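Undergrad: Residue 298 in UniProt numbering sits at position 298 of the sequence shown; the count goes up by one each step and never skips. Yeah, the Cβ is synthetic: ideal placement off N, Cα and C, and Gly gets one too. All of these numbers come straight from a predicted model, not from anything done at the bench. Okay, here's the structure, questions in a sec.
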Amino acid sequence: MAQWPVTANGKVDKKALPAPSETLVGAAYQAPQTEIESVLQKLWAELLQLDCEQVSTTANFFELGGDSILSIQLVSRAAKAGLHFSARALFEAQTIRQLAPQVQSQAERLAEQGPVSGLQPLLPIQQQLFADSTDVHHFNQAVLLTPALPLSQSHLISLVAALYGRHDALSVRYQPNDAGQWQGEYTPQRDELALARDSVSSLDLSGLSEAQYQAQMDQLQASFVLSQGRLLQAVQVRLPAQLAQGENDERLLLMIHHLAVDGVSWRILLEDLALGLQQLQRSASLTLAAKTSSYQQWGTFLADHAHTEAVQQQRDYWLEVLSTSEPTLAERYGATQEMAGTAPGQQQQLNFSLSAAQTEQLLGPCQRSYRSTTLELLLAAILSGFERFDGTRSVCLDLEGHGRESDTTQLDLSQTVGWFTAIYPLRLSCEGNTPGALLNGVKRQYRAIPNKGMDFALLQHSDGVLAALPAREIVFNYLGQFDQINHDELPFSVAEEYSGQTISTARTPWHGVTLTTLVSQGQLHFSLSYAEAGYDGAAMAELLFHIEQGLADLIAHCMGTQQGEYTQVDFPLATAEEASIRQWQAQYGEIQDIYPATGMQQGLLFHSML
1 MAQWPVTANG KVDKKALPAP SETLVGAAYQ APQTEIESVL QKLWAELLQL DCEQVSTTAN
61 FFELGGDSIL SIQLVSRAAK AGLHFSARAL FEAQTIRQLA PQVQSQAERL AEQGPVSGLQ
121 PLLPIQQQLF ADSTDVHHFN QAVLLTPALP LSQSHLISLV AALYGRHDAL SVRYQPNDAG
181 QWQGEYTPQR DELALARDSV SSLDLSGLSE AQYQAQMDQL QASFVLSQGR LLQAVQVRLP
241 AQLAQGENDE RLLLMIHHLA VDGVSWRILL EDLALGLQQL QRSASLTLAA KTSSYQQWGT
301 FLADHAHTEA VQQQRDYWLE VLSTSEPTLA ERYGATQEMA GTAPGQQQQL NFSLSAAQTE
361 QLLGPCQRSY RSTTLELLLA AILSGFERFD GTRSVCLDLE GHGRESDTTQ LDLSQTVGWF
421 TAIYPLRLSC EGNTPGALLN GVKRQYRAIP NKGMDFALLQ HSDGVLAALP AREIVFNYLG
481 QFDQINHDEL PFSVAEEYSG QTISTARTPW HGVTLTTLVS QGQLHFSLSY AEAGYDGAAM
541 AELLFHIEQG LADLIAHCMG TQQGEYTQVD FPLATAEEAS IRQWQAQYGE IQDIYPATGM
601 QQGLLFHSML
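Okay, structure coming up:
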């Protein structure tokens, strides 16, 4: 407005004010007003793949497409830029304008920069791995890269040595103690350069057939010796001629035993790898960022935290989630007779991908309609898919989370490498028969999980009743977005050739059915993997088809809904009943937040009613 309308007394004439434009409420671009806001805006734009002009200082990070994994990356990148805050601060102050006052120019805590020594307390996820000793050495994660420029072995050794120096979890020795129990111990007085020399190798496979090449890659994946304290292998591979097809035939295979790595860790390691390669190519000194809190510190915290009252009080909640059971998919749709004798770890994978337009809608506008997250929309699509598939209206599955819930501690895990994964159960039940009711029901059920599920495994290991309950058949893992690095500036790209069997097929999978999603190159990719020995392939394909349809319909519904019904979980500080919230929504339209009245406000309200 050019000027405020005023009354004859010179006061603002509220009746003469124009009606607010819905397109501007909460959406008008607000430019940065301080240097801190400018830096935050640039970081948000880079991470969310947006132009700075698309990132208002009043825009919500999560409505722009952010998620919990991206929040960890934002904390890490901000720290490198000299701005320090926690992931919890971002969840509580979700706009740049709200977050900026909480940013500090110096870290509250500086991690120990020397080598970690002593024992590594086993995390629950590691204990779960060691519970089955079958080929425990062959349980890896790997990535095959194409270097943009020729990479000398001496440079690779220097780079791997730097990774060992920054990430202590890569050099833990795992072996049974005298009592036969697995334990981890950091390699004492380790020489990172010597570790790197033993971890780097080269393999010329140019004269092999494709089948022989695959056999060699499988053999590499099975070559870890856990007691040696070298959980990283970097292999320079020369491809067979028929695979290279006259193009660059040099590949770099990075293999890390799962004991030392997870999805978030790979983001950290690949950023370190890119930085190190760029420094070496410029003949600069190889200098990676400072260490954050150690994996050992996190293991020690969890071991102590497991015995706290806060964890023990969750027991009834988890027992309620697991109190009922339904016939499994394997019981209803078992494998055909000819597939029943397949190796227990032999998997089949089915896939679908959203279009770039659908993915953009899912990560942004769809979330604003119901104040939901990408994960909640995906969970709602899975539940919808099961109902469409065979009428199932309640599904209990495991969720696989990143597990880095450290904001209640003094630990900074934003740049720490290790296996942090937390697996916990979630019961999804259809509430109502409309897409909106389905999504709001999933929001209630997911947001009721205590401490983001981190404590379930801690409690399960100490509680005989929980430990004795049947394991879940299905697991879902949303890996997040992988488009946060400028690929044009990277000194490598991800290769498409076979990188080997990362997990031994002799191992029985923890779950019969694995649902995995990630966003890469602007598209969401959804996969369903199942054990060939346990499931009928046609039934699994039909289930995935219905999940795809459920997701497409949810996206269409949210895009056609400007403002879905609010629920209590949308306003975590509110004490009002849901009926009151719905009434206020009908009366006032969009509500940004609801807070309980302060003592002074209650007093003023009381006096106004006298």
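Going by beta-carbon coordinates alone, are Thr34 and Asn60 separated by less than 8 Å?
TA: Not in contact: Thr34 and Asn60 (Cβ atoms no closer than 8 Å).
Undergrad: On the criterion of 16 or more Cβ atoms from any shown chain inside 10 Å, does Gly118 qualify as buried, or is it exposed?
TA: Classification of Gly118: exposed, given that the 10 Å Cβ count is below 16.
Undergrad: Can you have a look at Met255 and say buried or exposed, based on whether 16 or more other CB atoms are within 10 angstroms of its CB?
TA: Burial call: buried.
Undergrad: Roughly how many angstroms lie between the CA atoms of Thr287 and Tyr446, to the nearest whole one?
TA: The straight-line gap from Cα to Cα measures roughly 42 Å.
Undergrad: Since Gly480 and Leu70 should fall inside the 8 Å C-beta cutoff, what is the C-beta to C-beta distance between them, to a whole number of angstroms?
TA: So it is a contact: roughly 7 Å between Cβ atoms.
Undergrad: Measuring CA to CA, which of Phe91, Ser158, Asp398 is closest to Gly276?
TA: Measuring from the Cα of Gly276, the nearest candidate turns out to be Ser158.
Undergrad: Less than 6 Å between C-beta atoms, sequence neighbours within five positions excluded: which residues of the same chain meet that for Val261?
TA: Hits under 6 Å: Gln141.
Undergrad: CB-CB under 7 Å to Phe482, same chain, minus the five flanking residues each way: which ones, in chain order?
TA: Same-chain partners within the cutoff: Leu518, Val519, Ser520.
Undergrad: Restricting to Cα atoms, I'd like to know which of Leu439, Asp316, Glu331 is closest to Asp463.
TA: The residue with the shortest Cα to Cα distance from Asp463 is Asp316.
Undergrad: Output the boundary residues of the beta strand (DSSP E) element that contains Leu252.
TA: First-last of the beta strand (DSSP E) with Leu252: 250 to 257.
Undergrad: Checking contacts by CB at 8 Å: is Ser355 closer than that to chain B?
TA: Included in the structure is just one protein chain, with no chain B present.
Undergrad: Spatial neighbours of Leu551 within its chain, please: CB distance less than 6 Å, with the 5 preceding and 5 following residues excluded, ordered by chain position.
TA: Excluding residues within five positions, the ones whose Cβ falls inside 6 Å are Ala381.
Undergrad: Quick one: give me the first and last residue of the beta strand (DSSP E) that Leu226 is part of.
TA: Note, Leu226: premise wrong, no beta strand (DSSP E); not H, not E.
Undergrad: Starting from the Cα of Thr505, find the closest Cα among Asp218, Gln233, His525 and give me that residue.
TA: For Thr505, the nearest C-alpha among the options comes from Asp218.
Undergrad: Would you mind reading off the limits of the alpha helix (DSSP H) that contains Cys558?
TA: Per DSSP, Cys558 belongs to the alpha helix (DSSP H) from 537 to 559.
Undergrad: Starting from residue 623, follow its DSSP beta bridges and name the residues at the other end.
TA: Because the chain is modelled from 1 through 610, residue 623 falls outside the range shown and cannot be assessed.
Undergrad: When the Cα atoms are used, what is the spatial distance from Ala290 to Val417?
TA: Looking at the two C-alpha atoms, the distance is approximately 13 Å.
Undergrad: Mapping DSSP to helix, strand and coil, what is Val465?
TA: Of the three classes helix, strand and coil, the one that applies to Val465 here is helix, per DSSP.
Undergrad: Looking at C-alpha atoms only, which residue of Gly522, Ser285, Arg251 is the closest neighbour of Thr146?
TA: Considering only alpha carbons, the answer is Arg251.
Undergrad: Determine the burial state of Thr23: buried for a count of at least 16 other Cβ atoms within 10 Å of its Cβ, exposed for fewer.
TA: Confidence at Thr23 is low in this model, with a pLDDT of 34, below 50, so its placement is unreliable and the value that follows should be read with caution. It is exposed - the Cβ of Thr23 has fewer than 16 other Cβ atoms within 10 Å.
Undergrad: Name, in chain order, the residues that DSSP records as bridge partners for Leu144.
TA: Partner(s): Leu253.
Undergrad: Judging by CA-CA distance, which residue of Ala457, Gln236, Ala196 is the nearest neighbour of Gln126?
TA: Here the closest residue by C-alpha is Ala457.
Undergrad: Which partner residues does Tyr186 have in the DSSP bridge list?
TA: Beta-bridge pairing links Tyr186 to Val172.
Undergrad: Pick out whichever of Asp168, Leu273, Ser325 has its Cα sitting closest to the Cα of Leu259.
TA: The shortest Cα separation from Leu259 among Asp168, Leu273, Ser325 belongs to Asp168.
Undergrad: Quick one: what's got a C-beta closer than 8 Å to Leu220's C-beta in the same chain, skipping five residues either side?
TA: Within the same chain, Leu220 has close Cβ partners Leu203, Gln233, Val235, Leu253, Met255, Gly500.
Undergrad: Is the distance from the Cβ of Leu515 to the Cβ of Ile474 below 8 Å?
TA: For Leu515 and Ile474, yes; Cβs fall inside 8 Å.
Undergrad: Under DSSP, the alpha helix (DSSP H) around Arg238 begins and ends at which residues?
TA: Arg238 -> not in any alpha helix (DSSP H); beta strand (DSSP E) instead, spanning 232 to 238.
Undergrad: Assign Glu532 to one of two classes, buried (16 or more other C-beta atoms within 10 Å of its C-beta) or exposed (fewer than that).
TA: With 16 or more Cβ atoms within 10 Å of its Cβ, Glu532 is classed as buried.
Undergrad: Would you mind giving the Cβ-Cβ distance between Thr561 and Pro344, rounded to the nearest angstrom? I have them listed as a contact below 8 Å.
TA: Wrong, their Cβ atoms sit about 45 Å apart, outside the cutoff.
Undergrad: Let me confirm a value: Asp412 is counted as buried when at least 16 other C-beta atoms fall within 10 Å, else exposed. Which label applies?
TA: Answer is buried; the Cβ neighbour count reaches 16.
Undergrad: Just to confirm, is the Cβ distance from Cys396 to Arg472 under 8 Å?
TA: Going by C-beta atoms, Cys396 is nearer than 8 Å to Arg472.
Undergrad: Just the C-alpha distance for Ala467 and Gln460, rounded to the nearest angstrom, thanks.
TA: Their backbone Cα atoms lie some 5 Å apart in a straight line.
Undergrad: Do you know offhand how far Ser76's Cα is from Ser414's?
TA: Cα-Cα distance, rounded: 5 Å.
Undergrad: Taking DSSP as the reference, what is the three-state secondary structure of Ser384?
TA: Three-state DSSP puts Ser384 in a helix.
Undergrad: Compute the beta-carbon to beta-carbon distance between Leu280 and His155, rounded to the nearest angstrom, for a pair I have assumed lies under 8 Å.
TA: The pair is a contact, with the Cβ atoms about 5 Å apart (cut-off 8 Å).
Undergrad: Given this structure, state the Cα-to-Cα distance separating Gly26 from Arg282, to the nearest angstrom.
TA: Because Gly26 sits at a pLDDT of 43, beneath the cut-off of 50, its placement in the model cannot be relied upon, and the following sentence gives the value as read from the coordinates. Going by the C-alpha atoms only, they are around 45 Å apart.
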